[in-house]
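Novice: First residue of the sequence shown? That's 171 in the numbering used here, and the numbers climb one at a time after it.
The C-beta atom is built at its ideal place from N, Cα and C for all residues, glycine as well.
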Amino acid sequence: MSLNFYQDQPHACSYLEGRRARNIYPDPNKPVNKTVYSHLIAHGFRRSGDHIYRPFCSDCEACVPVRINLNEFKPNRSQRRCLQHNRDIQIKVKPAEFNHAHFELYCRYLAGRHPGGGMDNPSAESYVNFLTSSWSDTAFVEFWLEHKLVAVAVTDFIIDGASAFYTFFDPNMPKRGLGTFAILKQIELARNYDLSWLYLGYWIEESPKMRYKTKFSALEAYRTKWYRLDKKL
C-alpha cells in the first residue's frame, strides 16, 4: 500500500525549550494496521493514540529514533543489580483498556515526575486516547509488589519487534529504578515472543530525560538506515 505524507505547521518543540518543531504524518484517510505500522516504525515513526508521526524539522535533526537489538543485548552491571533488586515484583500482561488502578497510578506519576509538562490533570478520556489505539496490538504490562500496583508499561507489538510506548510508575519508589526495570522486562517479554527489536522512541542528546536510553547495549539509531549508536558514544 502506498502512502502520502503531510507536514504540519511549526509549533513549540515538546523536547527542547525555545525550539520550533514540525512533524510529518501518513495520510489519515488510509487505514492502518499492525503490518503498516511495523513498516512505519522501522522508518522512524511513532504513534500517539491512533495518530502516527515523525519529527521532520528543516533545521534540526535532534530527534533520533532508537531501538535495542534483542539478539545482541546484554545487561550491564547496574541493570543486573536492578533486576536482582526487583526480583520480588510480579509481572502480569493485560489487555489495553481503561483500568481505574492504572489511571490513578498514571495521575500520581505525572504529578510526581512531570509537573507542568503539559499533561497535568489528565481525564480518563485523554488517558485512553493517548495510550490506546483502535488498530495497534497493545498490551498493558503490570508490575505488582505484593498487592500493590507499582508500574505499568504500555507495549505495542509489531511484526518483528515491540515498542516501549510509555511507562508510568510509583514516583515514591526511586530506589527501585522502575523505569529501567520496565524496559528490561519488556526486553525479556519480546525475547520470549522471539522478536528482534525493542523500539524506545526518540533519543535526544541534548535532553537529560532521554539519556537513560544510551545506557542499554546493542542500541541502534536511524537516519536513512539503522546503525549501531552505542559504539559511537
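Mind checking E231: buried by the 16 CB within 10 Å criterion, or exposed?
Specialist: Exposed: under 16 other Cβ atoms inside 10 Å.
Novice: Between which two residues does the alpha helix (DSSP H) holding A352 run?
Specialist: Run containing A352: 348-362, per the alpha helix (DSSP H) assignment.
Novice: Am I right that A360 and F339 are in contact with their C-beta atoms under 8 Å? What's the rounded C-beta distance?
Specialist: Incorrect: roughly 19 Å between the Cβ atoms, too far for contact.
Novice: Which class does K383 belong to by DSSP, given the choice of helix, strand or coil?
Specialist: Looking at K383 - three-state DSSP - the assignment turns out to be helix.
Novice: On the criterion of 16 or more Cβ atoms from any shown chain inside 10 Å, does F351 qualify as buried, or is it exposed?
Specialist: Flag for F351 reads buried.
Novice: What do you get for P196, buried or exposed, if any count of 16 or more other CB atoms within 10 angstroms of its CB means buried?
Specialist: Result: buried.
Novice: Do S366 and D330 have their beta-carbon atoms positioned less than 7 Å apart in this structure?
Specialist: Closer than 7 Å, so yes.
Novice: Could you spell out the range, first to last residue, of the alpha helix (DSSP H) harbouring H209?
Specialist: Note, H209: alpha helix (DSSP H), 204-211.
Novice: State buried or exposed for G188, treating a residue as buried only when at least 16 other CB atoms are found within 10 Å of its CB.
Specialist: Exposed: under 16 other Cβ atoms inside 10 Å.
Novice: Please name the residue, chosen from F268, S248, K200, that lies closest to K345 on a Cα-to-Cα basis.
Specialist: Here the closest residue by C-alpha is S248.
Novice: Could you please give the first and the last residue of the uninterrupted alpha helix (DSSP H) stretch that includes F273?
Specialist: Unbroken alpha helix (DSSP H) run through F273: 270-283.
Novice: Tell me which residues share the same chain as F300 and place their Cβ nearer than 7 Å to its Cβ, disregarding the 5 neighbours each side in the sequence.
Specialist: Once the five neighbours on either side are set aside, the close Cβ partners of F300 are S218, G219.
Novice: Taking the alpha helix (DSSP H) that H255 falls in, what are its first and last residues?
Specialist: Residues 247-255.
Novice: Given this structure, state the Cα-to-Cα distance separating D178 from P201, to the nearest angstrom.
Specialist: When rounded, the distance between both Cα atoms is 20 Å.
Novice: For Y279, which residues from the same chain have a beta carbon less than 8 Å from its beta carbon, with the 5 sequence-adjacent residues on both sides left out?
Specialist: Within the same chain, Y279 has close Cβ partners F338, F339, D340, P341.
Novice: Just the Cα atoms here: how many angstroms apart are A391 and A212?
Specialist: Computed Cα separation, rounded: 10 Å.
Novice: E376: buried (16+ other C-beta within 10 angstroms of its C-beta) or exposed?
Specialist: Its Cβ having fewer than 16 others within 10 Å, E376 is exposed.
Novice: How many Å lie between S303 and D400 at the Cα?
Specialist: Rounded to whole angstroms, S303 to D400 spans 32 Å at the Cα level.
Novice: Measuring only the C-alpha atoms, how far is G347 from S172?
Specialist: Rounded to the nearest angstrom, the two C-alpha atoms are 42 Å apart.
Novice: Kindly give me the distance between the Cβ atoms of I238 and L389, rounded to whole angstroms, as I take these residues to be in contact under 8 Å.
Specialist: That belief holds up - the Cβ atoms of I238 and L389 are roughly 6 Å apart, short of 8 Å.
Novice: Could you tell me if K383 is buried or exposed, where buried requires 16 or more neighbouring beta carbons within 10 angstroms of its beta carbon?
Specialist: Buried, because 16 or more other Cβ atoms sit within 10 Å of the Cβ of K383.
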